[in-house]
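Accompanying notes for the structure given below.
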Amino acid sequence: MTTICYAIDDIVCDGFNTWFSLCCSSIDELRKAQPLDNIIKKDGRVYHAR
Numbered sequence: 001m002t003t004i005c006y007a008i009d010d011i012v013c014d015g016f017n018t019w020f021s022l023c024c025s026s027i028d029e030l031r032k033a034q035p036l037d038n039i040i041k042k043d044g045r046v047y048h049a050r
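Note that the UniProt record's numbering numbers the sequence shown so that position 34 is 34, with each residue one more than the last.
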């Protein structure tokens with residue numbers, strides 16, 4: 001039973017790590033794609049001018 005729990009934990013952790021790294025890389029790509037000149041900060045919010 002303990003071996004099954006460890007296997008499930010490994011699967012869940014690997015899945016989360018994959019998901020997290022994909023999210024982080026997507027956010028990094030979005031930051032690179034948007035020129036900083038087009039980002040407007042106002043009232044604590046960030047707007048992207050088109």
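Backbone N, C-alpha and C fix where the C-beta goes; we use that ideal spot for every residue, glycine too.
Contacting residues, own chain, Cβ-Cβ under 6 Å from residue i (five flanking each side not counted)
i     : result
Thr18 : none
Distance between residue j and residue i (C-alpha atoms, nearest Å)
i     : j     : result
Ser26 : Phe16 : 15 Å
Leu22 : Tyr6  : 24 Å
Thr3  : Asp14 : 16 Å
Contact set for residue i: own chain, Cβ-Cβ below 8 Å, skip 5 residues either direction
i     : result
Tyr10 : Residue 10 is actually Asp in this sequence, not Tyr. If we look at Asp10 and ignore the five residues flanking it on each side, it has no Cβ neighbours.
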